[in-house]
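Trainee: Take a look at this one; I'll ask things after.
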Amino acid sequence: MISNRINRIDSLLDPGQVSRLEEFFFEQLNSLAVDFDIDESVVFALTQKETLLMRILSYRAATTPIFSEILETIKEWARDRFSFSDWFVNPMFYYKICRPGQSLIDSDAFLYTEPHYDKSVDGGQFLSFWVPLRATSLETGGLCDFDLPVDVQLTEFPFQGKNRLDLTTYLKDPNPIDQICRNATRNYFCEPGDVLVFGPECLHGATRPISDIRLSLNFQIFPAVDVSSMSTFERKKVTLYQRFPLLFLAATLESLGDKNGVQRILENRSESKVIGAQLEAVLSNISKADVSTSALGKKVHWRSELAWLNEIDRLQEGCVLWT
Ligand SMILES: [Fe+2]
65 MISNRINRID SLLDPGQVSR LEEFFFEQLN SLAVDFDIDE SVVFALTQKE
115 TLLMRILSYR AATTPIFSEI LETIKEWARD RFSFSDWFVN PMFYYKICRP
165 GQSLIDSDAF LYTEPHYDKS VDGGQFLSFW VPLRATSLET GGLCDFDLPV
215 DVQLTEFPFQ GKNRLDLTTY LKDPNPIDQI CRNATRNYFC EPGDVLVFGP
265 ECLHGATRPI SDIRLSLNFQ IFPAVDVSSM STFERKKVTL YQRFPLLFLA
315 ATLESLGDKN GVQRILENRS ESKVIGAQLE AVLSNISKAD VSTSALGKKV
365 HWRSELAWLN EIDRLQEGCV LWT
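Residues in the sequence shown are numbered consecutively from 65, following the numbering used here.
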């Protein structure tokens, strides 16, 4: 569907729109200390990588109408470029704020994110998008791919199955990987409004922020026709999000223990009135995560992040939330 390297789409988004999304992200980030009754320094320490607090922040930052507008622009781009007339979003949104000197990253490692292939809905075809919310440069680091001979790539980083490497494994001993990848690294620096796109066969990673913060969003889309061949869980996840995005986000935040985040959705958006009864039924019945300070710093696996979907399967009898 797309070449197996990163492609940059220049000026796809309006830079004003991107800066409003950035502003919304920081509003949400700044409210975490009060909402979770934790110190600013704890927020800083816990909004790294995929901690529970960072996942909460990511889902919160998807609740603004600007976010939906950006998704629409990207889907439209895909409609124009490929033969599929309809595209669905996989509702797993990853905002990343990467700060120089972050404690989770080994100071000797060349990369911030280990080389890997993205996986998505049931291994079908998909496109990954990476949207920088600020300009990227050597100082901020950014998404990169690797110009490796095919045999080296496939031996060191086999494409089939799970990625052999994860961040923890890479950071235990980054040198062998750094030796292979350092000189093969291709950077794709961006201005606000530019978007990077790549497919499942693109081996990619990210370089480290050197002296400036990087802020990015990434997610995936796939042809809507593929939904019918997916597992029940995946089908439920993607159909529910396309039909009721705010219900999906509110329920996910509720299950992650973010009462204030849910409250804000209910107060601010008219769509939440339309879905009110269904939302109430869902929210009152899903289990909530422990949000103690230590839990907020733990890594969350996406399966458990969205485990509430299994719970409402049993609870929504007679109410068609997905097909
Ligand atoms: Fe990735």
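For each residue, glycine too, the CB sits at the ideal point set by N, CA and C.
1. What runs of the alpha helix (DSSP H), each 4 residues or longer, lie entirely inside the segment 190-254?
2. For Pro454, which of His365, Val302, Ile274 has the nearest alpha-carbon?
3. Answer with buried or exposed for Gly206, where buried requires no fewer than 16 other C-beta atoms within 10 angstroms of its C-beta.
4. Considering only residues of the same chain and omitting the five flanking positions on each side of Cys254, which have a CB-CB separation below 6 angstroms?
5. Just checking His365 against ligand 1 - is the residue's beta carbon closer than 7 angstroms to any of the ligand's heavy atoms?
6. In the structure shown, what three-state DSSP assignment does Gly263 receive?
7. Quick one: measure Cβ to Cβ for Ile70 and Cys245, integer angstroms, because I've assumed they're closer than 8 angstroms.
8. Could you check the C-alpha separation between Arg84 and Ser368 for me, to the nearest Å?
9. Can you grab the Cα-Cα spacing for the pair Leu370 / Val261, in whole Å?
10. Report yes or no: do the segment 313-326 and the segment 353-365 share at least 3 C-beta pairs separated by less than 8 angstroms?
11. Return yes when at least one heavy atom of ligand 1 lies under 7 angstroms from the C-beta of Asp103, else no.
12. So the alpha helix (DSSP H) Val98 belongs to, where does it begin and stop?
13. Which residues are close to ligand 1, meaning CB closer than 6 angstroms to any heavy atom, in chain order?
14. How about Phe193 and Met65: are their beta carbons less than 8 angstroms apart?
15. With a 10 Å radius around its C-beta and 16 neighbouring C-beta atoms as the bar for buried, classify Ile277 as buried or exposed.
16. Can you list, in chain order, the residues of its chain whose CB lies under 6 angstroms from that of Leu279, leaving out five sequence neighbours each side?
17. State the DSSP-derived secondary structure class of Val185, mapped to helix, strand or coil.
18. Run the CB neighbour count on Ile376, radius 10 Å, all protein chains shown included, and call it buried at 16 or more, exposed below.
19. May I have the straight-line CA-CA distance separating Leu212 from Pro256, to the nearest angstrom?
20. Can you tell me whether DSSP reads Ser280 as helix, strand or coil?
21. To the nearest angstrom, how far is it from the Cα of Lys301 to the Cα of Pro155?
22. Please state the DSSP three-state secondary structure of Thr115.
23. I need the DSSP call for Gly325, collapsed to helix, strand or coil.
24. With burial defined as no fewer than 16 other Cβ atoms inside 10 Å of the residue's Cβ, what is the status of Phe283: buried or exposed?
25. With the cut-off set at 8 angstroms, would you say Ala97 and Ile285 are in Cβ contact?
Mentor: Short version:
1. Whole alpha helix (DSSP H) segments, 4+ residues: 214-220, 231-236, 239-245.
2. Nothing can be reported for residue 454, as the shown portion of the chain is limited to 65 through 387.
3. By the neighbour-count definition (other C-beta atoms within 10 Å, threshold 16), Gly206 is a buried residue.
4. Result list for Cys254: Pro196, Thr200, in chain order.
5. No; taking the cut-off as 7 angstroms, the Cβ of His365 has no heavy atom of ligand 1 nearer than that.
6. Of the three classes helix, strand and coil, the one that applies to Gly263 here is coil, per DSSP.
7. No, Ile70 and Cys245 are not in contact; Cβ-Cβ is about 14 angstroms, not under 8 angstroms.
8. Whole-angstrom Cα-Cα distance: 31 angstroms.
9. Pairing Leu370 with Val261, the inter-Cα distance amounts to about 25 angstroms.
10. Here the segment 313-326 lies against the segment 353-365, with 3 or more beta-carbon pairs under 8 angstroms apart.
11. Incorrect: Asp103 has no Cβ contact closer than 7 angstroms to ligand 1.
12. Counting along the chain, Val98 sits inside the alpha helix (DSSP H) bounded by residues 79-99.
13. The set of residues with any CB-heavy atom separation to ligand 1 below 6 angstroms comprises, in chain order, His180, Asp182, His268.
14. The criterion of a C-beta distance shorter than 8 angstroms is not satisfied by Phe193 and Met65.
15. Exposed.
16. Ile161, Leu197, Arg198.
17. If DSSP states are grouped into helix, strand and coil, Val185 belongs with the helices.
18. Burial call: buried.
19. Within the model, the alpha-carbon separation for Leu212 versus Pro256 is close to 29 angstroms.
20. Assigned with DSSP and collapsed to three states, Ser280 falls in strand.
21. One C-alpha to the other measures close to 8 angstroms.
22. DSSP, reduced to helix, strand and coil, places Thr115 within a strand of the structure shown.
23. Collapsing the DSSP output to three states places Gly325 in a helix.
24. Phe283 is buried by the Cβ-count criterion.
25. Judged by beta-carbon spacing, Ile285 lies beyond the 8 angstroms limit of Ala97, meaning their Cβ atoms are not closer than that value.
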